[in-house]
Amino acid sequence: MTYPTLPDMDADLVDCRRCPRLVEWRERVAHEKRAAFRDQTYWGRPVPGFGPADAALLIVGLAPAAHGGNRTGRMFTGDRSGDILFAALHAVGLANQPTAVSVDDGLTLRGTRITAPVHCAPPDNKPTPTERDTCRRWLDEELRLLTPTVRAVVVLGGFGWRALLPVLGDAGWSVPKPRPAFGHGAHVELAGTRPLHLFGCYHVSQQNTFTGRLTPAMLETVLADAGRAAGLV
Ligand code: SF4
């Protein structure tokens, strides 16, 4: 399954129905809605990556949120996690504005793309290993298409870290054995045709940001380091 461009891939991705449990969940959430959004039409489909197809920096999360990306159709858009992430991207010069509320809000990212190893909202934000492995086809292809330009990756959380490392290995980078452990501030340089800087960062989940485990300053530090490694800041 290869595509000539990322937009071509994304056009197919949004119609994917390979995971029965996630298809049922994303559509049920879109139908039932949260009271605060009852007048809105939920996206209720797979959420594609967001950002330019020639990105030098890739941010890898976990999966769309039920009432965030699954509602708006754009990664991290319309939820508290996204509020934190886009404010930090704006603070370090990688986003043109600090807020993300809908696909037509004017937000653009500079040299940066955001994606996830699972493209459909999962119950309790917990995809199964089978769902992660089923969705890997999209991450494999996204990395293949980004290989000519990507220089750094920020992975938000251990789930994304563990999902991404084998993908990077198959895409041609040299992943050490044993595989490097996830941690906030982890930084590994992977050898390849062109080296890739891999950064670990706690996920921008409310569980982490409300408790202070991840502060805006911590997030901005990782994004600025990764932006420098990618030649963007
Ligand atoms: S999680 Fe991925 S593989 Fe599964 S239905 Fe959604 S887009 Fe398709």
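Per the UniProt record's numbering, the sequence shown starts with residue 1, numbered consecutively.
Heads up, the beta-carbon is just placed ideally off N, CA and C, and yes, glycines get one too.
- From the listed residues G160, A186, T193, the smallest Cα separation to P148 is found for T193.
- With a cutoff of 8 angstroms on beta-carbon distance, A91 and F76 are scored as not near each other.
- The C-beta separation of V29 from A121 comes to about 6 angstroms, placing the pair in contact by the 8 angstroms criterion.
- Taking C-beta atoms as the reference points, E189 and A88 fail to come closer than 8 angstroms.
- Taking a C-beta distance under 8 angstroms as the contact criterion, P48 and D10 qualify as a contact pair.
- Residue pairing of H187 in beta bridges, as defined by DSSP: F199.
- A Cβ-Cβ separation of about 6 angstroms places L232 in contact with A56 under the 8 angstroms criterion.
- The three-state secondary structure of F50, taken from DSSP, is strand.
- Burial of H119 is indicated by the presence of at least 16 other C-beta atoms within 10 angstroms of its C-beta.
- Residue state for A56 is assigned as coil, using DSSP reduced to three classes.
- The distance from the Cβ of A152 to that of F199 is about 7 angstroms, consistent with a contact at the 8 angstroms cut-off.
- H197 counts as buried, since no fewer than 16 other beta carbons sit within 10 angstroms of its beta carbon.
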